[in-house]
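A.B. asks: What the sequence shown shows, in this note's numbering, is residues 412 to 1056, in sequence order.
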Amino acid sequence: MFLSRLSIKYQLFIIVSIIALPAICIIINSGLQQRRNAIHNAQTETQKLAEAIVSEQKNLVASTRQLFIALSQLPDVKLRKQVEVKAILAEILKLSPQYINIFIAGPTGVVWASAVPLRESISVSDERYFKNALARGTLSSGEYNIGRVTDKASFILGYPLMDEAGRVTSVICAALSLDYYQHIFRAFKLPQGSSYALIDHKGIILTRAVDPEKYVGKQANPEIFRYMMEGPEEETSAGASSAVGDNRIQTYRKLRLESESTPYMYVRAGIPSAAVMLETNAALGKNLMIYSVSLVVAFFISWLIGKKYIINRVLALERASLRLAVGDLHTRIADEVGGGELGKLGQTFDKMAQRLEDSVRELQHKADEYRTIVQTTSDGFNMSDAHGRILEVNGSFCKMVGYTAKELVTMKIEDIEAIENPEMVAAHIDKIIKAGSDSFISKHKCRDGTEIDVEVTITYLDENGGRFFSFIRDITDRKKMERELVRAANYDSLTGIFNRKSIEEKIEAELERSRRYGSSFSLIMFDVDNFKSINDNLGHNIGDRVLQDIAEIVGQNIRTLDAVGRWGGEEFMILLSGTNHSEAALVAEKLRIALARHRAGEMDNVTASFGMTSCRADDTLDTIFKRVDDLMYAAKSSGKNRIVC
412 MFLSRLSIKY QLFIIVSIIA LPAICIIINS GLQQRRNAIH NAQTETQKLA
462 EAIVSEQKNL VASTRQLFIA LSQLPDVKLR KQVEVKAILA EILKLSPQYI
512 NIFIAGPTGV VWASAVPLRE SISVSDERYF KNALARGTLS SGEYNIGRVT
562 DKASFILGYP LMDEAGRVTS VICAALSLDY YQHIFRAFKL PQGSSYALID
612 HKGIILTRAV DPEKYVGKQA NPEIFRYMME GPEEETSAGA SSAVGDNRIQ
662 TYRKLRLESE STPYMYVRAG IPSAAVMLET NAALGKNLMI YSVSLVVAFF
712 ISWLIGKKYI INRVLALERA SLRLAVGDLH TRIADEVGGG ELGKLGQTFD
762 KMAQRLEDSV RELQHKADEY RTIVQTTSDG FNMSDAHGRI LEVNGSFCKM
812 VGYTAKELVT MKIEDIEAIE NPEMVAAHID KIIKAGSDSF ISKHKCRDGT
862 EIDVEVTITY LDENGGRFFS FIRDITDRKK MERELVRAAN YDSLTGIFNR
912 KSIEEKIEAE LERSRRYGSS FSLIMFDVDN FKSINDNLGH NIGDRVLQDI
962 AEIVGQNIRT LDAVGRWGGE EFMILLSGTN HSEAALVAEK LRIALARHRA
1012 GEMDNVTASF GMTSCRADDT LDTIFKRVDD LMYAAKSSGK NRIVC
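#1: Return the first residue and the last residue of the alpha helix (DSSP H) that residue 593 is part of.
#2: Give me the Cα-Cα distance between residue 975 and residue 1056, rounded to the nearest whole angstrom.
#3: Express the C-alpha separation of residue 780 and residue 814 in angstroms, rounding to a whole number.
#4: With a threshold of 6 Å on Cβ separation, who are the neighbours of residue 721 within its own chain once the five nearest residues in sequence on each side are excluded?
#5: Would you grab the beta carbon distance between residue 494 and residue 488 for me? Rounded to a whole angstrom, and I think it's under 8 Å.
#6: Return the chain-ordered list of same chain residues with a C-beta closer than 6 Å to the C-beta of residue 1007, the five sequence neighbours on each side being excluded.
#7: In chain order, what residues of the same chain have a beta carbon less than 7 Å from the beta carbon of residue 734, not counting five sequence neighbours either side?
#8: By how many angstroms is the C-alpha of residue 462 removed from the C-alpha of residue 593?
#9: Going by Cα to Cα distance, which pick from 745, 991, 938 is closest to residue 1003?
#10: Can you look up residue 679 in the DSSP assignment and give me helix, strand or coil?
#11: Are the beta-carbon atoms of residue 663 and residue 637 separated by less than 9 Å?
#12: Counting only the same chain and skipping the five closest in sequence on each side, list residues whose C-beta sits under 8 Å from that of residue 682.
#13: In angstroms with no decimal places, state the Cα-to-Cα distance between residue 897 and residue 1053.
#14: Pull up the CB-CB distance for residue 558 and residue 511, whole angstroms please, since I reckon it's below 8 Å.
#15: Would you call the stretch 903 to 915 in contact with the stretch 879 to 890, where contact means no fewer than 3 C-beta pairs closer than 8 Å?
#16: Name, in chain order, the residues that DSSP records as bridge partners for residue 828.
#17: Is the stretch 579 to 588 touching the stretch 696 to 707 in the sense that three or more CB pairs, one from each, lie closer than 8 Å?
#18: So is residue 951 buried or exposed if we call it buried at 16+ other beta carbons inside 10 Å?
#19: Using a 10 Å radius around the Cβ and a threshold of 16 neighbouring Cβ atoms, would you call residue 835 buried or exposed?
#20: Just to confirm, are residue 589 and residue 568 a CB contact at a threshold of 9 Å?
#21: Can you tell which of 809, 433, 465, 942 has the C-alpha that lies nearest to the C-alpha of residue 675?
#22: With DSSP as the reference, please indicate the residues paired to residue 793 in a beta bridge.
#23: From the DSSP output, which residues share a beta bridge with residue 976?
#24: Apply the 10 Å Cβ neighbour rule to residue 801 and answer buried if 16 or more other Cβ atoms are within range, or exposed otherwise.
#25: Expressed to the nearest angstrom, what Euclidean distance is found between the alpha-carbon atoms of residue 550 and residue 565?
#26: May I ask you to report which of helix, strand or coil DSSP gives residue 1031?
#27: Three or more C-beta pairs under 8 Å: does that hold for the stretch 869 to 880 against the stretch 790 to 808?
#28: What number of angstroms, rounded off, separates the C-alpha of residue 1000 from the C-alpha of residue 993?
#29: Report buried or exposed for residue 1024, applying the criterion of at least 16 other Cβ atoms within 10 angstroms of its Cβ.
#30: If we ignore side chains and look at the alpha-carbon of each, how far apart do residue 445 and residue 691 end up?
#31: Report the rounded CA-to-CA distance for residue 716 versus residue 760, giving the unit in angstroms.
#32: What do you get for residue 436, buried or exposed, if any count of 16 or more other CB atoms within 10 angstroms of its CB means buried?
#33: Rounded to the nearest angstrom, how far is the Cβ of residue 684 from that of residue 649, given a contact under 8 Å?
#34: Going along the chain, which residues of its own chain have a beta-carbon closer than 6 Å to the beta-carbon of residue 439, five neighbours each way excluded?
#35: Return the bridge partner residues of residue 1126 from the DSSP annotation.
#36: Which residue marks the beginning of the alpha helix (DSSP H) containing residue 696, and which one marks its end?
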């Protein structure tokens, strides 16, 4: 609550103010009521003035329309008898002070008759009232205009004269006097500074009751004019004047012609707010001045009492709280603040300080235990901030990565992590922050340049700007063992190439790809000739060396996308991906020659018998394995060191 955030001094002032509030409310309410009455009266006066001007303008437009209709029926007008028509217009103008000129223009805009004699030929073809009358065939309004005949500011209405075929033959125009409404304004006898203004559809001031020479023909305040355009048809409010800019109580009204969708004129009537409020403000100010003196005296007395018996004691409590906040857990205050409610508060404060001292002592003990555990654990530990800066490490982590603790606290986690993808690291950090914790396998870079496999358990706490607590276990030996187990399960231990299980899985995958996409592949199976005699005569060590050399020779003569595996004993199987029959035959011949030329220790040469086949549409693993096996044995039966395909 707002009051609870204030100082006691101000709360005492508020209490005194509340006591004095009824009298203040009576004084202010009386003054406000007078102001409301004055404002209401001013609003009523502006509405009446605006309504009177609007009514007069509507009557003027209606009578002008009737005048136009009457003129349009005259034979002299229809026949464009200039002399007779000029005389008629001049006589009407003499009897009509509301007009400053009446004239008629032909369909091209050239004026052919005018109540005020023309000094030269005049065209009104570019005027709004003329163009709209031609286009719409109805009574049309103009805009602010300085008459080229009268040299006076005026507002012109135009009315089309049509022949029997409905074509416009002339436009009858009447220039309305913008000073015509002054007699209405004077009749209202409004306060000094009151005024009215007529504004055209562009926001140009047509006339103004006060100082018209300063404002007529100038743009009204654009914001106020836009508000009138977008606002309701009529409104009474308080705001800035459209011309002078002072604050006024004012009414505006919009005027439209039946044939036009937008207003052709805006009527504004206003009374200065200062003039409306002058008398009521003076009375209200006098009453408030008298009461304010009494209120100041009451404030002063309440402040003296409150300072001595309340504020000073509360300040003592505040000072004690500040000492406690900065770590002085031995602070006590009950004896200083004395009795009463504040005395009880002091006693409660002392009890709280004692409990806090006990809690801090216990937390310190637990923190010491935590540090002991972290420093003695065999797992590495580090704490880092939200920017990755290392803040604390234990001895196990230093030993793990080869850096001292002093060096590590000047580094970032990214200096230790062996992951090279910053985007992936950033995404992982976001995941940890959202989840609060995570466990994962990673790699750390050691000081000597080596990399170790680590298992990381990390927790994020959103405090002190964010903290990451990580426990790290070195799993390099475990990962090495896992890799050796994987290799033992998939590779032949003697030759280092795929074992039968792995090469068979690769052939099965290639067969499935061939069925799905129509790709081709070939198999080469070969058996080392006379291998038993090599073992019997030269020993198994030489036999093993021969198998190793053969695996190396095959690896040098096939592509990286191909695969070779030990099928069993001295038999080898080669998978040639994307290879047709003729291409596979060339590879097999190349291998046969390479083996025949190879010398292995005391042996002169080593030969092999090859079977080669390509995949067929209806092949299964069994059929293609049997076919290549049969072809290999056919090569052995027919003399060895050859290829059968």
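Ideal placement from N, C-alpha and C gives every residue a C-beta, glycine not left out.
These figures come from a predicted structure and were not determined experimentally.
C.D. replies: In short:
#1: That run of the alpha helix (DSSP H) goes 593 to 599.
#2: So the alpha carbons of these two residues sit roughly 18 Å apart.
#3: Roughly 25 Å between the two C-alpha positions.
#4: These residues qualify, in order along the chain: 419.
#5: Contact flag wrong, Cβ pair sits at about 12 Å.
#6: If we look at residue 1007 and ignore the five residues flanking it on each side, its Cβ neighbours are 1016, 1018.
#7: Only 742 meet the Cβ criterion.
#8: In this model, residue 593 and residue 462 are separated by some 14 Å (Cα to Cα).
#9: Ranking the options by Cα distance to residue 1003, first place goes to 938.
#10: In this structure, residue 679 counts as strand in the three-state DSSP scheme.
#11: No, they are not a contact pair.
#12: Correct list, in chain order: 453, 456, 457, 601, 602, 604, 605, 659, 660, 661.
#13: A straight-line Cα-Cα distance of about 36 Å links residue 897 and residue 1053.
#14: Contact flag correct, Cβ pair sits at about 7 Å.
#15: In short, these stretches do not touch, since the Cβ pair count stays below three.
#16: Residue 828 pairs with 855.
#17: Contact fails: fewer than three Cβ-Cβ distances are below 8 Å.
#18: Exposed is the call here.
#19: So residue 835 counts as exposed.
#20: Going by C-beta atoms, residue 589 is not nearer than 9 Å to residue 568.
#21: The shortest C-alpha to C-alpha distance from residue 675 to any of 809, 433, 465, 942 is the one to 465.
#22: Paired residue(s): 804, 881.
#23: 909, 984.
#24: Per the 10 Å Cβ criterion, buried.
#25: A straight-line Cα-Cα distance of about 17 Å links residue 550 and residue 565.
#26: In the structure shown, residue 1031 adopts coil according to DSSP, grouped into three states.
#27: The answer is yes - the stretch 790 to 808 touches the stretch 869 to 880, with three or more Cβ pairs under 8 Å.
#28: A direct Cα-to-Cα measurement between residue 1000 and residue 993 gives close to 11 Å.
#29: Burial call: buried.
#30: Residue 445 and residue 691: Cα-Cα distance of roughly 6 Å.
#31: Rounded to whole angstroms, the separation of the alpha carbons of residue 760 and residue 716 is 25 Å.
#32: Classification of residue 436: exposed, given that the 10 Å Cβ count is below 16.
#33: Their Cβ separation, rounded to whole angstroms, is 6 Å, which keeps residue 684 and residue 649 in contact under 8 Å.
#34: Cβ neighbours of residue 439 beyond the five flanking positions: none.
#35: This structure gives no information on residue 1126, because the portion of the chain shown stretches from 412 to 1056.
#36: Note, residue 696: alpha helix (DSSP H), 684 to 717.
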